[in-house]
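A.B. asks: A single structure is presented below for examination.
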Amino acid sequence: MPRGLTPPPRMTVRERLREKISAAFYRHGLLCASYPVPIILFTSASILACCYPLLRLPLPGTGPVEFTTRVRDYTVPSHEPQGDLGERPDWYRGPPVAYIQPVLVKAAVSPWDSTLVPVDVFRSPLGRVFSLLEEIRNHVHDDGSLEALCLQVTDLLPGLRRMQRVLPEHGCLLVSPGNYWQNQRELFDSDPDLLKTVHQHEPKGLHTSATLRDLLFGVPVKHTGVSLYSRKRVVTYTITMVLGSYDARFLSSLRARLRQLHPSVNCSLREDHMVHVHFKEEIGMAELIPLVTTYIILFAYIYFSTRKIDMVKSKWGLALAAVVTVLSSLLMSVGLCTLFGLTPTLNGGEIFPYLVVVIGLENVLVLTKSVVSTPVDLEVKLRIAQGLSNESWSIMKNMATELCIILIGYFTLVPAIQEFCLFAVVGLVSDFFLQMFFFTTVLSIDIRRMELADLNRRLPAEAGMPLPKPGPLRPREAPPPPRPSPHTITLQTPAFRNLRLPKRLRVVYFLARTRLAQRFIMVGTVIWIGILAYTDPAGLRTYLAAQVSEQSPLGEGGAGGLPPHLGVAPVFPGPGGDPADTLSVLPAPAEPTPLPENQSQGHHGAPGEGVPLVPQISWGAEDEEGWRRLSFRHWPSLFSYYNITLAKRYISILPVIPITLHLSPREAIETRHPQDTRHPPPPSLKTNDLPADLTLYKVAALGLAAGVLLVLLLFCLYRVLCSRNYGQNGVAHGRRRRGDLPCDDYGYSPPISEISPLLLCGHSMDIECLASDGMLLASCCLAGQIRVWDTQTGDCLTVIPKHGLRRSSSSGCWEQRDGWDAVGVAEPENLGGGTEPGGGVFDEDKGYPLRRRTTPRPALFENQPDLTPLIDTNFDSQPPSHLLLTPPRNGFDFGGLVEKAYLEHEPPSPGLTASYPSPLSGPPPQRRRSLGYIQPPAPQGQETPDWESAVWAMELRGNLIAAGRSNGKLELWDAVEGSLRCSNEDGVSGITALAFLNNRIVAARLDGSLDFFTVDINKPLGLLQYRGPPGRSNMPPSPCYSSEDVISCQLTRSVQCAHQKPITVLRAAAGRVVTGSQDHTVRVYRLEDSCCLFTLQGHSGGITAIYIDQTMVLASGGQDGAICLWDVLTGSRVSHVYGHRGDVTSLVCTTSCVISSGLDDLICIWDRSTGIKLYSIQQEVGCGASLGVISESLLVTGGQGCVSFWDLNFGDLLQTVYLGQSSDGQGVRQLVVLNNAAIVCDFGSELSLVYVPAVLEKLD
Amino acid sequence: MPRLEEHCWSRSCASRVESKTFSGGNWVASRAEEMMSIVTTVLSNAYGSLHSVRAAHLIRRGLVLFTVGVVLALVLNLLQLQRNVTLFPEEVMATLFSSAWWIPPCCGTAAAVVGLLYPCIDSHLGEPHKFKREWASVMRCIAVFVGINHASAKLHFANNAQLSLTLAALSLGLWWMFDRSRSGFGLGIGTAFLATVITQLLVYNGVYQYTYPDFLYVRSWLPCIFFSGGVTVGNIGRQLAMGGVEKLHND
């Protein structure tokens, strides 16, 4: 219980509730992270179960749906839903808008005569429409007439003036080609050019909806045959009667009458089914634009939300999971609502964006943020649980608020809003469920992946570190590692590591690698589009059917060449419409072919050929429902002209009445208009197809242009909405302007208690010096006590001086082991994830032969240093790859005697731990003796530590601590054993600063002199050969020694008057030693020969801070508040800025900027190349000097009882970590950044070890 | 009725501008001239001092807000169109620009003014807007605003009072979810009040009229729309202003 640390004595209900919620979430988080796979399976199953009812819903699409019933027992459906008729669609209620009675006329002039002109193909057939119309209008049966039954229309919509003359404006809605001529035969007869009349009403340009020609002819333009180039010479058109009410007797009598007048001998069209067509709500362009806008806003919302996901392994994966969470919660809500009988009546596409926005992605993001801000060193399970419980209260609060708002909406009692609210409530609840189960689990998997990846990345650099223990939680209980045999070290590890991947992670990796999810979605989309295109009434299926029927030649059709009908059967076969019924129509007997010899001419015979032929009128199944070939907007547009909407309503289409007309050539000639003969024969047969193709191209081009425009628009939106800088930093964290106090809580920030600093207690007085080399940390307090800490675990390894008696041999041994155990435990990752096959070889090549050697028994060689792994900073600069080249055992040329001795005395045991010295693994002393080593006895009384004088300067390299004392004594201590290795008392003036580089120590003294010492390690003779090839490395050998070595520290050179005044700063890097003194100068020495290279003058005050690094960047700051940048190679001053009132207390450079702090407690960030101040941060009083750079972009500063992390590029406060429970603590005066991204800060008499989780990501 | 309503909406949109100024042709013209002169002086000063950076930033923010206002005006105008209006594709572009030409620019200007006013008032009151300062939240806010407009256009309510009450609740919910600041509430109320008064005046003078006026001369839900619009645009303006501060801070 993170929040339950200090429970108040009396908690309010609210607090108790909060506690409980938090606890519940904590447990839930543990559960989720513990069993990810079962939980994900469970959620997937529940999602699928909840979405199952959705299968009953029709696919989204705007196409009309159909329902077929029998004509015979047809009654108008009642308004009340009838439960018993399961197959009946729910829209089939109440009377339809209209009944459509099509009368399909096929007319041809037969036999065709050579004297006939092309116009004759359609003039006289069209002329017959007027008599038919008359017949229909005048038909009376049982005092029922068309006038009484038909749908009476009043006015055309205003704005359709050009249709006024064509479409009926009053009375019956009866549509036929005769409308072109106002249903007057005289006008038709006097029309010189029928085609022109037909064409003049066509809209110019693109026509996507039904055209007037389609409406009047009732068949697609291609099939009318009203063309000069028609090959079939059959004219087809429909007289469409729109009836307002249904009178079966009237219709049947009309049908009988027409049949009697114009018998269709070969027609056996099915007449017993009527089709009800339901139209969905149409979406016009005008409505589409707001819809598209809402979707754009939705995508922007999702984009901006998911962009905040940070510090996880796969950003995209988590974003996808978040979106999936929201989407499937929506689906679940619809599914559940459908399950309980509430059918969605709202337009799903329209309300969808609003639903997503209402449900929101916030919780998911908050969860992610909370979880990733928990300390990384915790177990994944605990991290998830903590993150969940931290945000539990806000999540519950938000959800309650939203539910309240939605409930208020529910009580508006408006059906649409109520429905929306219902969906939203169910969606919210299911979203909560999914967040808790699905997303949390995905997050735990992701975090686990990230930790694994971290491990893999970090290992190469740390491969050489001692790492014997796998278990992170049981450092002490672990038994001492069995003494290994060195031969097996490098062989086991790689396979070991590869096996460590758990199965579920491999599944995840596999999914990620093969992009299964994306491909699945893509395939699904394609299939969906395909289904839509196929089932659409205006779509592929009909087209295919039409194609097939067209391709089958008509003449051959006489023998039954009717096409196989691909699917003209109704989409929803009615109760009576069994498949056999449909099939029975298929072999429709075609008209007996009267003149077989005309067949060929029917195909390619030009009209002018002069051979008489008889156009054949055939009735096929496609004529049965000829309206199917029309655009699905045909009926809506017809009705919309009269301001009648078909949206969400249906019409009933009655079985077609077929009429066959055979006209004699004589009649055709009689009705001919004088100008008809002027039409020349067609020059090309192709011209008819051209316009349609052109239209297609135009549509395609227009669509492409629109797409490009949309992309451009989105791009512009993106550019406008997010500038370049904005996208680079997280917004949600508290943003800090200059001048703000560093430690206040500002805006929203993740719970700061998550980074728990490790307190290193033990010093009795304030800490004066700090030194670290990454693995070890040495601290020295005012009392002169030096403590060595393990930076990974925070264990105190050594205390110098040790209190009380020196340890007995055995206890000392155990204490040592404890220390090393701790070190090993701190790096458990090394065991599993490293890519370095031979950590041991590594060391050898680098010239640490003795690492593999073992420590002597402390009983005998007490004062000799342990054979600890030397953690040298050079490790990092050395590419580890070359180590791989060395065969694992190359370095081990222990003589055969040694091998034998090993085998004799110690049972070999495999394991990594072989490479890590531990006292137990040391060879017994007698072996050494048997090998003939001459071990110089350690002069016990020679060096006596001096406890009187204070330590003024301290450095730590390898595990040697160099301490400079106020009485001028330089001491070298073993950091692990805590023994004094050597001391030098050549100087008497106090050592103010120390630099320890490679095997050299530079000491600056109070009197301004500079002493160069060389640390000599006298190796036992037999071991020298184990070094790597000499001269291989281009840098001087680092100090490496073993407990067998005798370490001596010799003064090689002493520069007596290096400075006129006391030396205040001493830094060494890249083979240079730089000193700064109170005499206003900076001097640069070469490390090898102690030669003074430059004296840099430019400050007008004493030098207080110097920075130099491997890249030869030299910066100095003085008491005058000035900062100078120097070129170390030439000694020239690069830039000179004044930044502080008072001394510059510390200086750090990164590749792009210089960070300085001064006595005025201001931290300034300068641009390194231009010397321009970028910004500054006001620190608290007394904390000015404490700053450190963790990576290129992460700055850490100390404050009053806390440390703050800043984004260096933007000056944003990322996080504040409080070091103690009470924030009234002392200021952080000193701050050291370690390699492994931990920060150590001096916090009064305590040290705090802070691990930065964010740094793990940023370090690379 | 729908057409008229749409018309009302466009007019009311426009009237928002005039709520900042006053109606009256030449006065507006002079005002515009004044604005132009201000803009040109600001532009001329745009180089040199730090102030120029701020001014340029102000102009940029204004431009963004103007664009947002224009787009919202066009889109919301379209929302009010009923489905039966468009029969032929040729007419789509006509309906898109069916309102008078001056409506989108006016709405844009109004949006710019309101959007710049919000951060300004925030800074004057000394209470910086801390609540949900992120683009995702702003997007959510816009979506909800469009949704409110959608509801006002599409939903069929039993009576006007119900519609107005619902929209008022929605607007308040919008403010509570995305703003929660006193200044935001006050400015929203002010915007709504002024705009409604101007609309009343316009209707009174016979510039246009509403089909079913139930609140003196206008529809009673009009203030709610104005209120939520003001809050939304203010949110955008604040977010833009905050981004600007960051950028300034980085320089």
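Protein sequence lines, in the order shown, are assigned to chains A and B.
Residue numbering for the first sequence follows this note's numbering, starting at 5 and increasing by one per position.
Residue numbering for the second sequence follows this note's numbering, starting at 4 and increasing by one per position.
Just so you know, even glycine gets a beta-carbon here, dropped at the ideal spot from N, CA and C.
For A/P294, would you say it is in contact with chain B, using Cβ-to-Cβ distances shorter than 8 Å as the test?
C.D. replies: By this cut-off, A/P294 is an interface position.
A.B. asks: Go ahead and pull the three-state DSSP assignment for A/I1067.
C.D. replies: strand
A.B. asks: Taking C-alpha atoms, which residue in A/F344, A/V107, A/A389, A/S374 lies nearest to A/V430?
C.D. replies: A/F344
A.B. asks: Taking all protein chains shown into account, decide if B/H153 is buried (16 or more other Cβ within 10 angstroms of its Cβ) or exposed.
C.D. replies: buried
A.B. asks: Would you kindly report the start and end of the unbroken alpha helix (DSSP H) that includes A/S374?
C.D. replies: That run of the alpha helix (DSSP H) goes 366 to 376.
A.B. asks: Of all the CB atoms in chain A, is at least one closer than 8 Å to the CB of B/G72?
C.D. replies: no
A.B. asks: Kindly list the residues whose CB is nearer than 7 Å to the CB of A/F1000, restricted to its own chain and excluding five residues on each side of it in sequence; keep chain order.
C.D. replies: E959, R961, A966
A.B. asks: Quick check: the region 386 to 397 of chain A against the region 26 to 39 of chain A, are at least 3 beta-carbon pairs closer than 8 Å?
C.D. replies: Touching, yes.
A.B. asks: Measuring only the C-alpha atoms, how far is A/D1211 from B/P226?
C.D. replies: 45 Å
A.B. asks: Please classify A/G229: is it buried, with 16 or more other beta-carbons within 10 angstroms of its beta-carbon, or exposed?
C.D. replies: buried
A.B. asks: With 16 as the cutoff for other CB atoms within 10 Å, does B/Y207 come out buried or exposed?
C.D. replies: exposed
A.B. asks: Tell me which same chain residues have a C-beta within less than 7 Å of the C-beta of B/T235, skipping the five on either side of it?
C.D. replies: Within its own chain, the residues whose Cβ lies closer than 7 Å to the Cβ of B/T235, once the five positions on either side in sequence are excluded, are C144, I145, F148, listed in chain order.
A.B. asks: According to a CB-to-CB cut-off of less than 9 Å, which residues of the region 309 to 334 of chain A neighbour chain B?
C.D. replies: S309, T310, R311, K312
A.B. asks: Establish whether the CB of A/I363 and some CB of chain B are separated by less than 8 Å.
C.D. replies: no
A.B. asks: Do A/P40 and A/S333 count as a contact pair if the criterion is CB distance below 8 Å?
C.D. replies: no
A.B. asks: Say whether the region 110 to 130 of chain B touches the region 321 to 340 of chain A, bearing in mind that this needs 3 or more beta-carbon pairs closer than 8 Å, one atom from each stretch.
C.D. replies: They do not touch, by the three-pair rule.
A.B. asks: Mind checking whether the beta-carbon of A/Q796 lies closer than 7 Å to any heavy atom of the ligand GDP?
C.D. replies: Absent from the structure shown: the ligand GDP. Ligands present: none.
A.B. asks: Any idea if A/V1152 is buried or exposed, counting beta-carbon neighbours within 10 angstroms, 16 or more meaning buried?
C.D. replies: buried
A.B. asks: Name the one or two DSSP bridge partners that A/Q1219 has.
C.D. replies: A/F1209
A.B. asks: Give a yes or no on whether 8 Å exceeds the smallest Cβ distance from B/R143 to chain A.
C.D. replies: yes
A.B. asks: From the DSSP output, in three-state form, read off A/L998 for me.
C.D. replies: DSSP places A/L998 in the strand class (E or B) of the three-state scheme.
A.B. asks: For B/Y207, which residues does DSSP report across the bridge?
C.D. replies: In DSSP, B/Y207 forms no bridge with anything.
A.B. asks: Do A/C55 and A/F441 have their beta-carbon atoms positioned less than 8 Å apart in this structure?
C.D. replies: no
A.B. asks: Determine the closest residue to A/L432 out of A/T444, A/L1091, A/T405, with distance taken between C-alpha atoms.
C.D. replies: A/T405
A.B. asks: Pick out the complete alpha helix (DSSP H) segments inside the region 202 to 262 of chain A, 4 residues or longer, and give them in chain order.
C.D. replies: 216 to 221, 225 to 228
A.B. asks: Smallest Cα separation from A/D1281: which of A/L369, A/C1157, A/Y299?
C.D. replies: This structure cannot settle anything about residue 1281 of chain A, because the visible part of chain A is limited to 5 through 1264.
A.B. asks: I want to see whether chain A comes within less than 8 Å of B/T169, judged by CB atoms only; does it?
C.D. replies: Output row for B/T169: interface = yes.
A.B. asks: Please classify A/Y1142 as buried or exposed, where buried requires at least 16 neighbouring CB atoms within 10 angstroms.
C.D. replies: exposed
A.B. asks: Quick check: is the beta carbon of B/N87 nearer than 8 Å to any beta carbon in chain A?
C.D. replies: For B/N87, the predicted model reports a pLDDT of 35, less than 50, meaning its position is unreliable; a value from the coordinates is still stated below. For B/N87, the answer is yes, since a Cβ of chain A falls inside 8 Å of its Cβ.
A.B. asks: Here's the rule I'm using: 16 or more other beta-carbon atoms within 10 Å means buried, otherwise exposed. How should A/S48 be labelled?
C.D. replies: exposed
A.B. asks: Just reading off the alpha helix (DSSP H) that A/K24 is part of, what are its end residues?
C.D. replies: 17 to 38
A.B. asks: With DSSP as the reference, identify every bridge partner of A/G1162, one or two as the case may be.
C.D. replies: A/V1148
A.B. asks: Verify whether the separation of the beta carbon atoms of A/V1207 and A/V1221 is less than 8 Å.
C.D. replies: yes
A.B. asks: Would you kindly report the start and end of the unbroken alpha helix (DSSP H) that includes A/V1117?
C.D. replies: From DSSP, A/V1117 is part of no alpha helix (DSSP H) but of the beta strand (DSSP E) over 1117 to 1122.
A.B. asks: Comparing the C-beta of B/W138 with each C-beta of chain A, is any distance below 8 Å?
C.D. replies: yes
A.B. asks: Quick one: Cα of A/D1015 to Cα of A/L984, how far?
C.D. replies: When rounded, the distance between both Cα atoms is 20 Å.
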